[in-house]
């Protein structure tokens with residue numbers, strides 16, 4: 014465009030620097046709100062991480078139970094096969110053919126159960142791969158699990174941990190805190206902001222026949238501006254809306270805390286029940302069933318017990334051993350749920 018001609022010469026370039034100065038407290042509140050958003054995002058990411066860990070553990074412990082169930086069934090099949098020559102010898106000695114048929118039927122039932130369990134392995138393997146985002150299609154090796162240590166979890170302690178570390182609850186509390194800062198920020202919108210600036214004009218020499226003494230001098234100026242808030246009613250309405258939102262969030266947080274505490278109580282009950290069953294099967298039922306089966310086998314071989322007694326004793330031991338490992342698996346699953354609720358490892 015054309016240069017602006019002045020008495021002292023044409024204005025070639027104009028440079029303006031300005032700096033906004035918000036009312037005291039506005040900038041710090043904006044920083045706190047940004048920190049609140051970042052904290053909320055961190056807790057959201059932490060919650061997703063805990064969910065993945067929990068889901069992996071759920072499938073892992075089911076996978077581990079499957080390994081134990083297959084092992085137990087196969088061991089029982091082997092025991093019955095070892096008994097088959099004894100039954101055949103008794104049949105050749107004049108015993109009923111029905112015993113051999115009953116034994117073969119029982120073996121067939123266990124082999125069918127073993128096949129059913131084996132067919133479940135690929136499905137659990139794919140489920141585990143999907144959760145872990147693992148593209149490999151190869152079956153993962155059988156996991157190993159051990160009976161849990163005798164840890165005791167106090168309800169009061171777990172509730173304190175949950176209140177402090179549950180990602181969902183913490184994220185809601187940080188959102189409420191952000192709303193508190195938003196209310197304070199909106200209250201300050203009724204306060205003016207300031208702007209200071211510096212203007213510098215690059216000026217050429219005057220083109221007139223008689224040049225003034227200040228020809229070509231570059232003028233500069235300092236500016237001060239004030240933004241006057243005039244929409245007070247709109248600002249006040251925003252404050253009231255934020256306060257209403259804050260009250261609703263308080264109620265939501267309280268309700269969420271009650272819900273999480275109820276979930277915690279259920280998981281603690283299920284964890285304690287699994288621990289009780291582990292001790293019952295490990296210390297009482299399985300040893301007695303093992304002893305009863307061995308006695309029944311000896312009595313059968315000495316013709317003092319029927320084959321049906323042997324089969325029943327093996328069925329009972331099989332059931333107890335599977336129930337034991339199911340309780341071990343359930344304990345691991347419930348502990349994983351507790352850790353997800355409480356924000357991490359509880360060991």
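Numbering (the working numbering), first residue to last: 14 to 360. Heads up, the beta-carbon is just placed ideally off N, CA and C, and yes, glycines get one too.
Around the beta carbon of residue 71, a 10 Å sphere encloses 16 or more other beta carbons of the protein chains shown; the residue is thus reported as buried. Distance from residue 302 to residue 333 at the Cβ level is roughly 5 Å; contact confirmed, criterion being Cβ atoms closer than 8 Å. Per the DSSP secondary-structure output, residue 237 pairs in a beta bridge with 209. In this structure, residue 182 keeps its C-beta atom at 8 Å or more from the C-beta atom of residue 277.
Pairing residue 49 with residue 175, the inter-Cα distance amounts to about 20 Å. CA-CA distance, residue 53 to residue 326, rounds to 58 Å. Only residues of its own chain outside the window of five on either side were considered, and among them 78 have a CB closer than 7 Å to the CB of residue 339, listed in chain order. Using a C-beta cut-off of 8 Å, the stretch 81-92 makes contact with the stretch 119-129, since at least three inter-stretch Cβ pairs fall below that distance.
Assignment of beta-bridge partners to residue 33 by DSSP yields 208. The stretch 336-351 makes contact with the stretch 282-292; the number of CB pairs closer than 8 Å reaches 3 or more. At least 8 Å separates the beta-carbon of residue 65 from that of residue 212. Secondary structure of residue 317 (DSSP, three-state): coil. Between the alpha carbons of residue 141 and residue 351 lies a gap of roughly 20 Å. The beta carbon of residue 119 lies closer than 7 Å to those of 93 and 324 in the same chain, with the five residues before and after it left out. Note that the C-beta distance between residue 188 and residue 60 is not below 8 Å. Judged by beta-carbon spacing, residue 130 lies within the 8 Å limit of residue 86, meaning their Cβ atoms are closer than that value.
Counted as a single uninterrupted DSSP element, the alpha helix (DSSP H) harbouring residue 62 occupies residues 39-105. Considered as a whole, the stretch 117-143 harbours no complete run of any beta strand (DSSP E) with no fewer than 3 residues. For residue 170, the enclosing alpha helix (DSSP H) begins and ends at 168-178.
For residue 135, the closest alpha carbon among the candidates 128, 148, 152 and 147 is that of 152.
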